[in-house]
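Asker:
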Amino acid sequence: MKKRFLTAAMAALCAISLAACSGGSAETTAADTTAAEAADTTAAEAEDTTAAEDAAEAETEAEAEENTEGGTLIMATNAEFPPYEYHDSSQTGPDGTDIVGIDAEIAGAIAEKLGKELVIEDIAFDSLIPELQSGKADLVAAGMTVTEDRLVNVDFSDTYATAVQSIIVTSDSEIAGPDDLAGKKIGVQQGTTGDLYATDDFGDENIDRYPKGVDAVQALIQGKVDAVIIDNEPAKVFVGDNDNLKLLDTAYAEEEYAIAVKKGNTELLDQINSVIQELKDSGEMDEIIGKYITAE
Ligand code: ARG
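Take 79 as the starting number for the sequence shown in our numbering and just add one per residue.
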């Protein structure tokens with residue numbers, strides 16, 4: 079069986095090589111413009127720019143007035159993934175709804191630093207990347223794993239958490255590790271890395287996909303599947319809620335979470351990275367994580 083390890087170094091490399099590509103082409107364009115051309119157009123451009131800037135400023139001011147603050151920051155997520163994002167009617171999350179969790183709080187901190195109002199959209203996990211691409215959401219914070227395939231479609235921030243894909247089985251199950259999964263029915267949340275990896279390793283015909291991780295866990299309890307593959311933190315929550323389930327010690331794959339933005343939105347990406355760094359440096363990141371995950 080293949081083991082997958084997308085390390086921080088690999089993710090960073092991908093990010094760097096992509097950045098290098100776009101940076102390179104911008105430089106070439108600038109260098110191609112001759113000095114003469116530049117001199118000719120400078121004065122005219124300067125006037126244009128000022129007019130354009132004024133117009134843009136007026137627009138931003140109008141928008142700002144409408145929203146009283148500096149506009150909204152739209153986070154798309156799938157709030158079925160405790161402790162990263164989930165509904166809890168006993169709490170009020172950073173966007174004023176009942177959506178709470180580590181990602182919600184990190185996005186709340188980003189919105190606060192940008193002077194924007196956070197709006198959280200709760201949609202299907204496999205709709206998150208299209209939501210960014212269509213410009214309907216500004217960022218995706220969803221315990222989303224950095225993968226090479228996703229890097230083709232979105233840009234990822236610096237990583238803020240490491241995770242492993244874990245295996246949940248019923249307490250009386252004879253499945254003891256990934257090798258025992260061959261030929262068994264495996265439940266997953268549609269479109270997650272658990273789905274992608276398990277499909278790859280065990281074959282499409284052995285995978286049952288569910289809209290929510292908790293639905294896959296229900297199917298396990300009902301005996302419709304033999305195991306569930308899901309990220310370790312939600313796995314712990316789901317197993318903790320059900321006496322007849324156990325979490326296997328052997329992890330299936332290691333991965334890293336990051337916030338995704340639309341490809342090329344470097345302005346927001348830089349802002350997100352600087353907030354993540356600030357949260358790490360100030361100890362706030364540990365505080366947020368500690369609030370939702372109790373150290374073992
Ligand atoms: N880390 C996994 C992935 O990126 C699962 C994330 C699921 N997140 C969620 N909010 N449902 O595919």
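Just so it is clear, CB atoms sit at the ideal spot from N, CA and C, and this is done for glycine as well.
Which value, in whole angstroms, describes the spacing of the CA atoms of Ala220 and Arg228?
Answerer: Whole-angstrom Cα-Cα distance: 13 Å.
Asker: Could you work out which residue in Gly149, Ile198, Gly361 and Asp204 is closest to Pro172 when comparing CA atoms only?
Answerer: Selected option, being the one with the closest Cα: Ile198.
Asker: In this structure, does DSSP put Thr248 in helix, strand or coil?
Answerer: The answer is strand: DSSP assigns Thr248 an E or B state.
Asker: Tell me, please, whether the region 261-275 touches the region 299-313 by the rule of three or more beta-carbon pairs shorter than 8 Å.
Answerer: Judged by Cβ distances under 8 Å, the region 261-275 makes contact with the region 299-313, as three or more pairs qualify.
Asker: How should Thr27 be labelled, buried or exposed, when 16 other C-beta atoms within 10 angstroms of its C-beta is the threshold for buried?
Answerer: The structure shown does not extend to residue 27, since the chain is modelled only from 79 through 374, so no value can be given for it.
Asker: Compare the Cα-Cα distances from Asn320 to each of Lys358, Ala336 and Gln300 and report the closest residue.
Answerer: Selected option, being the one with the closest Cα: Gln300.
Asker: Give the C-beta separation of Thr248 and Glu332 to the nearest angstrom, bearing in mind that I take them to be a contact with Cβ-Cβ under 8 Å.
Answerer: That pair is no contact at about 25 Å.
Asker: Please identify the residue among Leu217, Ser235 and Ile264 whose C-alpha is closest to the C-alpha of Thr225.
Answerer: Of the listed residues, the one whose Cα sits closest to Thr225 is Ser235.
Asker: Hey, quick one: how far does the beta strand (DSSP E) through Ala339 stretch, first residue to last?
Answerer: Looking at the sequence shown, residue 339 is not Ala but Val. Run containing Val339: Ala338 to Lys340, per the beta strand (DSSP E) assignment.
Asker: Are there 16 or more other CB atoms within 10 angstroms of the CB of Thr328, so buried, or fewer, so exposed?
Answerer: With fewer than 16 other Cβ atoms within 10 Å, it is exposed.
Asker: Please confirm if the region 259-270 is in contact with the region 336-356, defined as three or more CB-CB distances below 8 Å between the two stretches.
Answerer: With a cut-off of 8 Å, the region 336-356 and the region 259-270 do not count as touching, because too few Cβ pairs lie within range.
Asker: Please classify Asp364 as buried or exposed, where buried requires at least 16 neighbouring CB atoms within 10 angstroms.
Answerer: Looking at its Cβ environment, which holds fewer than 16 other Cβ atoms inside 10 Å, Asp364 is exposed.
Asker: Quick one: grab the DSSP three-state call for Ala157.
Answerer: DSSP places Ala157 in coil when its eight states are reduced to three.
Asker: To the nearest angstrom, how far is it from the Cα of His381 to the Cα of Val178?
Answerer: Not covered by the structure: residue 381. The range shown for the chain is 79 to 374.
Asker: Is DSSP giving Thr372 helix, strand or coil here?
Answerer: If DSSP states are grouped into helix, strand and coil, Thr372 belongs with coil.
Asker: Rounding to the nearest angstrom, what Cα-Cα distance links Ala182 and Phe203 in this structure?
Answerer: For Ala182 and Phe203, the distance between alpha carbons rounds to 15 Å.
Asker: Between the beta-carbon of Ala185 and the beta-carbon of Met153, is there less than 8 Å?
Answerer: Closer than 8 Å, so yes.
Asker: May I ask you to check if the CB of Gln267 is nearer than 7 Å to at least one heavy atom of ligand 1?
Answerer: Yes, since a heavy atom of ligand 1 falls inside the 7 Å radius drawn around the Cβ of Gln267.
Asker: As a quick exercise: from Ile180, Ser168, Pro289 and Gly174, pick the residue whose alpha carbon is nearest that of Pro161.
Answerer: When each option's Cα is compared against that of Pro161, the closest is Ile180.
Asker: Bridge partners of Tyr330, per DSSP?
Answerer: Bridge partners of Tyr330: none, in fact.
Asker: Spatial neighbours of Phe280 within its chain, please: C-beta separation below 7 Å, excluding the five flanking residues on both sides.
Answerer: Same-chain partners within the cutoff: Leu259, Ala260 and Ile264.
Asker: Just checking Gly221 against ligand 1 - is the residue's beta carbon closer than 7 Å to any of the ligand's heavy atoms?
Answerer: The answer is yes for Gly221.
Asker: Taking the continuous beta strand (DSSP E) assigned at Glu345, which residues delimit it?
Answerer: Glu345 -> not in any beta strand (DSSP E); alpha helix (DSSP H) instead, spanning Thr344 to Ser360.
Asker: If you draw a straight line from the alpha carbon of Val317 to that of Glu311, how long is it in whole angstroms?
Answerer: Going by the C-alpha atoms only, they are around 10 Å apart.
Asker: Roughly how many angstroms separate the alpha carbons of Ala215 and Asn351, rounded to a whole number?
Answerer: Each residue's alpha carbon lies about 18 Å from the other.
Asker: Compute the minimum distance between the beta carbon of Asn156 and the heavy atoms of ligand 1, and state whether it is under 7 Å.
Answerer: Because some heavy atom of ligand 1 lies under 7 Å away, the Cβ of Asn156 counts as near it: yes.
Asker: For Gly393, which three-state DSSP category applies?
Answerer: Because the chain is modelled from 79 through 374, residue 393 falls outside the range shown and cannot be assessed.
Asker: Just to check, is the beta-carbon of Tyr275 closer than 7 Å to a non-hydrogen atom of ligand 1?
Answerer: Result no, Cβ not under 7 Å from ligand 1.
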